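> Taken in order, these protein sequences are the chains called A and B.
Following the working numbering, the numbering of the first sequence begins with 1 at its first residue and continues without gaps.
Following the working numbering, the numbering of the second sequence begins with 1001 at its first residue and continues without gaps.
Questions regarding the structure given below will be posed in turn.
Number of protein chains: 2
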Amino acid sequence: MPLSGAMVGDSMARPREFDEAAVLDAAVLCFWQQGFEATSVRDLVEKTGITAASLYNAFGDKRALYEKALDCYVEGSVAARLRHCEALPPRAAIGAFFDDILARSLGDRERKGCMLVNAALDVAPHDAGFRKIVAGVLAEIETFFLTCVTAGQADGTISRALAAETLARHLLGVLMGLRVLARVRPEPALLEGVITPALALLDLP
Amino acid sequence: MPLSGAMVGDSMARPREFDEAAVLDAAVLCFWQQGFEATSVRDLVEKTGITAASLYNAFGDKRALYEKALDCYVEGSVAARLRHCEALPPRAAIGAFFDDILARSLGDRERKGCMLVNAALDVAPHDAGFRKIVAGVLAEIETFFLTCVTAGQADGTISRALAAETLARHLLGVLMGLRVLARVRPEPALLEGVITPALALLDLP
DNA sequence: TGTGTTTTAGTATCACCGTTCTAGAATGCG
DNA sequence: CGCATTCTAGAACGGTGATACTAAAACACA
Chain A
1 MPLSGAMVGD SMARPREFDE AAVLDAAVLC FWQQGFEATS VRDLVEKTGI
51 TAASLYNAFG DKRALYEKAL DCYVEGSVAA RLRHCEALPP RAAIGAFFDD
101 ILARSLGDRE RKGCMLVNAA LDVAPHDAGF RKIVAGVLAE IETFFLTCVT
151 AGQADGTISR ALAAETLARH LLGVLMGLRV LARVRPEPAL LEGVITPALA
201 LLDLP
Chain B
1001 MPLSGAMVGD SMARPREFDE AAVLDAAVLC FWQQGFEATS VRDLVEKTGI
1051 TAASLYNAFG DKRALYEKAL DCYVEGSVAA RLRHCEALPP RAAIGAFFDD
1101 ILARSLGDRE RKGCMLVNAA LDVAPHDAGF RKIVAGVLAE IETFFLTCVT
1151 AGQADGTISR ALAAETLARH LLGVLMGLRV LARVRPEPAL LEGVITPALA
1201 LLDLP
């Protein structure tokens, strides 16, 4: 099984004609919008612009491509947002995080939601490998919240009324709920109503 | 197009051999576990024990059967829980509601989750009809929370620090989040951590 | 007891599924 | 310039998707 992108063997041959990153981006969009089952290889061929043979050569089978696409999404969307927010003061980081999610959810005209949350209900329950991946990313988000809350409780910007671990878990739950509701009822008042009490909880005496 | 279950015309004929309710229950289980796309008509034929022709005669096509199955699930699971909790005092009703969800989520060894939440991400985003149905049920749950919070704020058992509408929306969001997390990380500490702050919010001065 | 209607079971249909194969074109290296 | 290699395009593959059809069986009623 040759490694994609890397030249193997002792002789050079014809190089790729397509941009692997661009193809992966198109695949992300497909899986993100339609989920794993509802996306056919023919969809992928059409949207990526390369042939099925090239797809299979470069990425393996459909499941492997989904895995790479999910990785790509997480790195480009989730991890990027975490890195961005981690640079802020703790209480502001949490606020900015939810502001961004809110804006993204309300501006999501195609109702794609969050590919990670979609994966959590689509592929994770029936595939232990995917479940582990999704659970790992969720744990990273939880850790981000925990770090923020712990630091905020230490410097007095976040309430100590509840344990930091408990607050972090609550924030993770609210985040998941937001992304589900946004796909069915993307109403500003509803989504803001979901967030407001969670943030109020941080600011109490 | 004959109405299922009802005898039409002026002459009686051969009656159903199968129990329509039992067949619908089996269909609910299929769709609940695997979702709409991942469930094939052959799956349904196998699990319900009746033939494809009977399925089509009795319920119409696959989409119509899913709709009836979702109706059946909502009536038997969601609506039943709402009715049960509505009989309790407001603050206790909310507590009992989440206690039940928590127990159900932790005991869900097949990781089926909640069929309504599954539908919210599976069929609702791509089908306006289903979206309306799911949104309607979510609105019912929101109304249940709102009724509880309003009554609790009136009799002093629930904090008036936040508007009743806001708290109700928050509780709905937490509920959705719970059901997503439970399918990936069904850990008691995590799920309890999600709920605890939401309930604490109700009890503050 | 026939007659009409509707159930059944099984199969046919036809499009699409994920995947692989068959070519032939394009490249780097000896 | 071959030669080995790996790319591309597209057809082909077996399997399965949802659904429709055929014919026999089962009942209610005249």
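Every residue gets a Cβ at the ideal spot worked out from N, C-alpha and C, and that includes glycine.
Quick caveat: nothing in here was measured; it's all calculated off a predicted structure.
Counting only C-beta atoms, is V174/A closer than 8 Å to chain B at any point?
Start at 1 with the first residue of the first sequence, and residue 174/A comes out as number 174. V174/A has a beta carbon lying within less than 8 Å of a beta carbon in chain B.
> Verify the CB distance criterion: does P1090/B have a CB-CB separation below 8 Å to chain A?
Here the question's residue 1090/B lines up with position 90 in the second sequence. No, its Cβ sits nowhere closer than 8 Å to a Cβ of chain A.
> So does the segment 169–180 of chain A actually touch the segment 126–143 of chain A, counting three or more Cβ pairs closer than 8 Å?
yes
> Expressed to the nearest angstrom, what Euclidean distance is found between the alpha-carbon atoms of A21/A and G76/A?
On the first sequence, residue 21/A is found 21 positions in, with the first residue counted as 1. On the first sequence, residue 76/A is found 76 positions in, with the first residue counted as 1. If you take the alpha carbons of A21/A and G76/A, they lie about 12 Å apart.
> Please look up how many angstroms separate the CB atoms of A1064/B and L1044/B, rounded, as I've assumed it's under 8 Å.
For the purposes of this step, residue 1064/B is taken as residue 64 along the second sequence, with counting starting at 1. For the purposes of this step, residue 1044/B is taken as residue 44 along the second sequence, with counting starting at 1. That pair is no contact at about 12 Å.
> Does the Cβ-Cβ distance between P1186/B and L1102/B come in under 8 Å?
Position 186 of the second sequence, counting from 1, holds the residue named residue 1186/B. Position 102 of the second sequence, counting from 1, holds the residue named residue 1102/B. Against a cut-off of 8 Å, the Cβ pair of L1102/B and P1186/B comes out as no contact.
> Any beta carbon from chain B within less than 8 Å of G193/A's own beta carbon?
Counted from its first residue, the first sequence places residue 193/A at position 193. Judged by the 8 Å Cβ criterion, G193/A is in contact with chain B.
> Measure the beta-carbon distance from A120/A to V1184/B and round it to whole angstroms, keeping in mind my assumption that it falls under 8 Å.
Against the first sequence, residue 120/A aligns to sequence position 120. Against the second sequence, residue 1184/B aligns to sequence position 184. The Cβ separation is near 5 Å, so the contact holds.
> If we ignore side chains and look at the alpha-carbon of each, how far apart do T1196/B and R1160/B end up?
Position 196 of the second sequence, counted from the start, is the residue given in the question as residue 1196/B. Position 160 of the second sequence, counted from the start, is the residue given in the question as residue 1160/B. Roughly 18 Å between the two C-alpha positions.
> Would G49/A be called buried (16 or more neighbouring beta carbons within 10 Å of its own) or exposed?
Here residue 49/A refers to the residue found at position 49 when the first sequence is read from its first residue. It counts as exposed.
> Ends of the alpha helix (DSSP H) at R1104/B?
Numbered from 1 along the second sequence, position 104 holds the residue referred to as residue 1104/B. Looking at the DSSP string, the run of the alpha helix (DSSP H) that includes R1104/B is P1090 to L1106.
> Please list the residues of the segment 1120–1135 of chain B that have a C-beta atom closer than 8 Å to any C-beta atom in chain A, keeping them in chain order.
A1120, L1121, D1122, A1124, P1125, H1126, R1131, V1134 and A1135
> In angstroms, rounded to a whole number, what distance separates the CA positions of S1004/B and A1080/B?
As a position in the second sequence, residue 1004/B is number 4, starting the count at 1. As a position in the second sequence, residue 1080/B is number 80, starting the count at 1. Confidence in S1004/B is poor, its pLDDT being 35 and thus under 50, which makes the residue's placement unreliable; the coordinate value appears in the next sentence. Distance between the alpha carbons of S1004/B and A1080/B: 25 Å.
> Measure the alpha-carbon distance for G95/A versus F36/A and round it to whole angstroms.
Looking up residue 95/A in the first sequence gives position 95. Looking up residue 36/A in the first sequence gives position 36. Their Cα atoms are separated by approximately 32 Å.
> Measuring alpha carbon to alpha carbon, tell me which residue in C72/A, Y73/A, R42/A and L191/A is nearest K62/A.
Looking up residue 62/A in the first sequence gives position 62. When only C-alpha atoms are compared, the closest one is R42/A.
> Taking the alpha-carbon positions, what's the T157/A to D203/A distance?
As a first step, residue 157/A must be located in the first sequence, where it is residue number 157. As a first step, residue 203/A must be located in the first sequence, where it is residue number 203. T157/A and D203/A: Cα-Cα distance of roughly 7 Å.
> Could you name the residues of chain B that R111/A contacts, counting a contact when the two beta carbons are closer than 9 Å?
Along the first sequence, read from residue 1 onward, the residue named residue 111/A stands at position 111. Within 9 Å Cβ-Cβ: A1124, P1125, H1126 and R1131.
> Report yes if the C-beta distance between L1201/B and L201/A is below 8 Å; otherwise report no.
Walking along the second sequence from the start, residue 1201/B turns up at place 201. Walking along the first sequence from the start, residue 201/A turns up at place 201. Against a cut-off of 8 Å, the Cβ pair of L201/A and L1201/B comes out as a contact.
> Going along the chain, which residues of its own chain have a beta-carbon closer than 6 Å to the beta-carbon of Y1073/B, five neighbours each way excluded?
For the purposes of this step, residue 1073/B is identified with residue 73 of the second sequence, where counting begins at 1. Closer than 6 Å at the Cβ level, and outside the excluded window around Y1073/B, lie V1028 and M1115.
> Leaving out five residues before and five after D1122/B in sequence, what residues of the same chain have Cβ atoms less than 6 Å from its Cβ?
Position 122 of the second sequence, counting from 1, holds the residue named residue 1122/B. Excluding residues within five positions, the ones whose Cβ falls inside 6 Å are G1035 and F1036.
> Let's test the definition: count the other Cβ atoms within 10 Å of the Cβ of T166/A and tell me whether it reaches 16, buried, or not, exposed.
By 1-based counting over the first sequence, the position of residue 166/A is 166. So T166/A ends up on the buried side.
> Check whether chain A comes within 8 Å of E1037/B, counting only Cβ atoms and requiring the distance to be less than that.
Taking the second sequence and counting its residues from 1, one reaches residue 1037/B at position 37. Cβ-Cβ to chain A under 8 Å: yes for E1037/B.
> Could you tell me which of P89/A, A124/A and A135/A sits nearest to A154/A, measuring between CA atoms?
Here residue 154/A is taken as the residue at index 154 of the first sequence, counted from 1. A154/A has its Cα closest to that of P89/A, out of P89/A, A124/A and A135/A.
> Establish whether the CB of T196/A and some CB of chain B are separated by less than 8 Å.
As a working note, residue 196/A is residue 196 in the first sequence. Nearest CB-CB separation between T196/A and chain B: below the 8 Å threshold.
> List the residues of chain A whose Cβ lies closer than 9 Å to the Cβ of E1165/B, in chain order.
Walking along the second sequence from the start, residue 1165/B turns up at place 165. Within chain A, the residues near E1165/B are A189 and G193.
> Rounding to the nearest angstrom, what Cα-Cα distance links T51/A and A128/A in this structure?
Counting from one through the first sequence, the residue named residue 51/A turns up at place 51. Counting from one through the first sequence, the residue named residue 128/A turns up at place 128. T51/A and A128/A have their alpha carbons spaced roughly 30 Å apart.
> Which residues of chain A have a Cβ atom closer than 8 Å to the Cβ of L1138/B, listed in chain order?
Position 138 of the second sequence, counted from the start, is the residue given in the question as residue 1138/B. Going along chain A in sequence order, the residues near L1138/B (Cβ under 8 Å) are L181, V184 and R185.
> Could you check the C-alpha separation between Q1033/B and K132/A for me, to the nearest Å?
The count along the second sequence starts at 1 and reaches residue 1033/B at position 33. The count along the first sequence starts at 1 and reaches residue 132/A at position 132. Going by the C-alpha atoms only, they are around 19 Å apart.
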